[in-house]
Amino acid sequence: LDRLLPGRGDLAARYAAFDRQFLVRGDRLPAVLSRAIEGCRAATRAHLELPAGERVNVEYVGDLPWSAFTRYEGRFVSRVQVNAGMPLTVDRALDLACHEAYPGHHTIAVLLDARFGDTRPEFLVQPLFSMQSALHEAASSLAPALAFPDAARAVFERGELFPLAGLD
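Heads up, my numbering is the position in the sequence shown plus 12, with the first residue counted as 1.
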């Protein structure tokens, strides 16, 4: 990285400066995140059948200690709260879309509800600090790599998300 990143001085500072070039402006965040979620959903549906009527509602909030949080509301609907006060790069927006929605937290909750909802409601209760929560978090952390392997991710970000973000 030291050889690849332009400029002089501390590598961490140069990397941070490089990364800032890809920040999504606040007024463009809804369009970028919406398209990222659509792309993650399409990639997920290529491998999984999702129940009819499932959906994600996105809400922008500020001053929270996390970048995004998903709450499953039941009946195949999740609410994803995105911290609009936290700067997001294009690649981080795609990570959030996959992690929080497809094939991440929302998809896991929807599939559990579709399979067990009427007979095992305890699967729909997820204490924040529990083994179930840890398993869901681990699975959701792999979601971006599942939805967009390296080459597909670069094509999607470059062709879809960068133009929406107003970035070259």
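Every residue gets a Cβ at the ideal spot worked out from N, C-alpha and C, and that includes glycine.
Given the structure is predicted, the values throughout are model-derived calculations rather than measurements.
{"Asked": "Gln33 to Pro18 span [Cα, whole Å]", "Found": "13 Å"}
{"Asked": "Stretch-stretch touch, CB-based, cutoff 8 Å, three pairs: the region 143-160 with the region 114-128", "Found": "yes"}
{"Asked": "Three-state class that DSSP yields for Arg37 in the structure shown", "Found": "coil"}
{"Asked": "Ala64 versus Arg127 - alpha carbon distance", "Found": "13 Å"}
{"Asked": "C-alpha gap between Glu61 and Arg87, whole angstroms", "Found": "16 Å"}
{"Asked": "CB of Val102 within 8 Å of CB of Leu173, strictly", "Found": "yes"}
{"Asked": "Which of helix, strand or coil DSSP assigns to Ser90", "Found": "strand"}
{"Asked": "Proximity winner among Leu45, Glu169, Gly97, relative to Val73 (alpha-carbon distances)", "Found": "Gly97"}
{"Asked": "C-alpha gap between Ala24 and Pro99, whole angstroms", "Found": "18 Å"}
{"Asked": "Same chain, Cβ closer than 8 Å to Arg40, five either side skipped, listed in chain order", "Found": "Leu176, Ala177, Gly178"}
{"Asked": "In chain order, each beta strand (DSSP E) run of at least 3 residues that lies wholly inside the region 39-71", "Found": "none"}
{"Asked": "Span of the alpha helix (DSSP H) around Val122", "Found": "117-128"}
{"Asked": "DSSP beta-bridge partners of Arg83", "Found": "Arg91"}
{"Asked": "Where the alpha helix (DSSP H) containing Asp162 begins and where it ends", "Found": "162-168"}
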